[in-house]
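For the sequence shown, position 261 matches number 260 in numbering that gives the first Met the number 0, and the numbering has no gaps at all. Just so you know, even glycine gets a beta-carbon here, dropped at the ideal spot from N, CA and C. If you're wondering where the values come from, they're calculated on a predicted model, not measured in any experiment.
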Amino acid sequence: MPELPEVETVRRGLEPAMVGARFTRVVQRRPDLRFPFPKAFTERLEGQEVRALGRRAKYLLADLSSGEVLIMHLGMSGRFLVTQGGATRMPGEFHHEHGGLGAHDHVVFQLSNGASVTYNDARRFGFMDLVPRSEIETCKHFAEMGIEPLGNELSGETIANLFAGKRTPLKAALLDQRLIAGLGNIYVCEALFRTGLHPEAPAGSLATKSGEPTEKAHQLAEVIRDVLSEAVEAGGSTLRDHAQVDGSLGYFQHSFRVYDREGEPCVTPECTGTVERLVQSGRSTFYCPVCQKRSRTR
Numbered sequence: 000m001p002e003l004p005e006v007e008t009v010r011r012g013l014e015p016a017m018v019g020a021r022f023t024r025v026v027q028r029r030p031d032l033r034f035p036f037p038k039a040f041t042e043r044l045e046g047q048e049v050r051a052l053g054r055r056a057k058y059l060l061a062d063l064s065s066g067e068v069l070i071m072h073l074g075m076s077g078r079f080l081v082t083q084g085g086a087t088r089m090p091g092e093f094h095h096e097h098g099g100l101g102a103h104d105h106v107v108f109q110l111s112n113g114a115s116v117t118y119n120d121a122r123r124f125g126f127m128d129l130v131p132r133s134e135i136e137t138c139k140h141f142a143e144m145g146i147e148p149l150g151n152e153l154s155g156e157t158i159a160n161l162f163a164g165k166r167t168p169l170k171a172a173l174l175d176q177r178l179i180a181g182l183g184n185i186y187v188c189e190a191l192f193r194t195g196l197h198p199e200a201p202a203g204s205l206a207t208k209s210g211e212p213t214e215k216a217h218q219l220a221e222v223i224r225d226v227l228s229e230a231v232e233a234g235g236s237t238l239r240d241h242a243q244v245d246g247s248l249g250y251f252q253h254s255f256r257v258y259d260r261e262g263e264p265c266v267t268p269e270c271t272g273t274v275e276r277l278v279q280s281g282r283s284t285f286y287c288p289v290c291q292k293r294s295r296t297r
């Protein structure tokens, strides 16, 4: 599943082609993806200008001149192909083979600036929806969604308030989209390692008995922003799946300190630990048992 930095990479790749242009023609090649397309999907898009292209967690949001927002989610294998000025680029490049026309190219947006944006999704776990801008925060996609990890809301105080009293493992709490939206497995592993927090420690350990944030809570908030920002600048981390705007691969994977490094020596200077892997809620967690001792969170 693409994580926040990968979706932001795709957003940056689509923005030059879409913002300020009108949909002159929209081709919808099937009635549904993960869910059915909204009623009169093509009719509601054609003729509308894309005023802005944003992101909420792992969702892309295209603000339209009609007052509606085109919501796009990539699912597991969704990607866009941009053709403009005789050149083709892919803001999201997958290791799944690109299907032929009509097989996995499900939606084609023709734009007034001559660009063509094709949505391809081999597994069809992605989806698109249209929602009035005035209802965006209360719609079914975002009504229960947590705060943005790259926004000003994320702080030690916020983490303490969200996690106070919770016995849920820290990693599970960080992946709960109802608390903090957009965090995924890779970046949570990296953030916990950099902060020296054990993934199985109770989430409530980041708040004192009086509900105040611990020093680790402040540090975790800062590290989460750092890890995500570094990954965004590098073009994302799942390199086989997501490329930078120009189609070249990102390089954040080369900066992984713990993720997918099971059995390798810890990169912390003078640490004698070896990276271990455990499974939490069906997902692999990578950590250093020396740097990330449970006692550190208490």
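Three or more beta-carbon pairs separated by less than 8 Å link the segment 61-80 to the segment 109-123, which places the two stretches in contact. With distances taken between CA atoms, Tyr258 lies nearest to Phe192 out of Phe192, His197 and Cys270.
If you look at His217, you'll find it in the alpha helix (DSSP H) that goes Glu214 to Ala233.
Glu136 sits away from Gly181, with the two beta carbons spaced by 8 Å or more.
Per DSSP, Ile70 is one residue of the beta strand (DSSP E) stretching across Glu67 to His72. Look at Arg122 here: in three-state DSSP terms it is coil, with no helix or strand label.
Fully contained in the segment 159-220 are the following alpha helix (DSSP H) runs of length 4 or more, in chain order: 169-174 and 184-194. Burial state of Phe34 is exposed, judged by a 10 Å Cβ sphere holding fewer than 16 other Cβ atoms.
Taking the CA atoms as reference points, Lys165 sits about 10 Å from Leu205.
For Asp104, DSSP records a beta bridge to Asn119. In the DSSP annotation of this structure, the continuous segment of the alpha helix (DSSP H) that includes Arg43 starts and ends at Phe40 to Leu44. If you ignore the 5 residues before and after Lys170, its C-beta comes within less than 7 Å of the C-beta of Val187, Leu191, Pro198, Gln279 and Thr284, all in its own chain and listed in chain order. Listed in chain order, the alpha helix (DSSP H) elements of length 4 or more contained wholly in the segment 126-157 amount to none. Val49 is the residue among Arg29, Gly12 and Val49 whose C-alpha sits nearest the C-alpha of Thr23. If you draw a 10 Å sphere on the C-beta of Arg28, you find fewer than 16 other C-beta atoms in it, and that means exposed. Assignment of beta strand (DSSP E) within the segment 5-43, counting only whole runs of 3 or more residues, yields 22-27 in chain order.
Arg293 carries a helical assignment under DSSP once its states are collapsed to helix, strand and coil. By the 16-neighbour rule on beta-carbons within 10 angstroms, Cys265 is buried. Between the C-alpha atoms of Glu134 and His72 there is a straight-line separation of about 18 Å.
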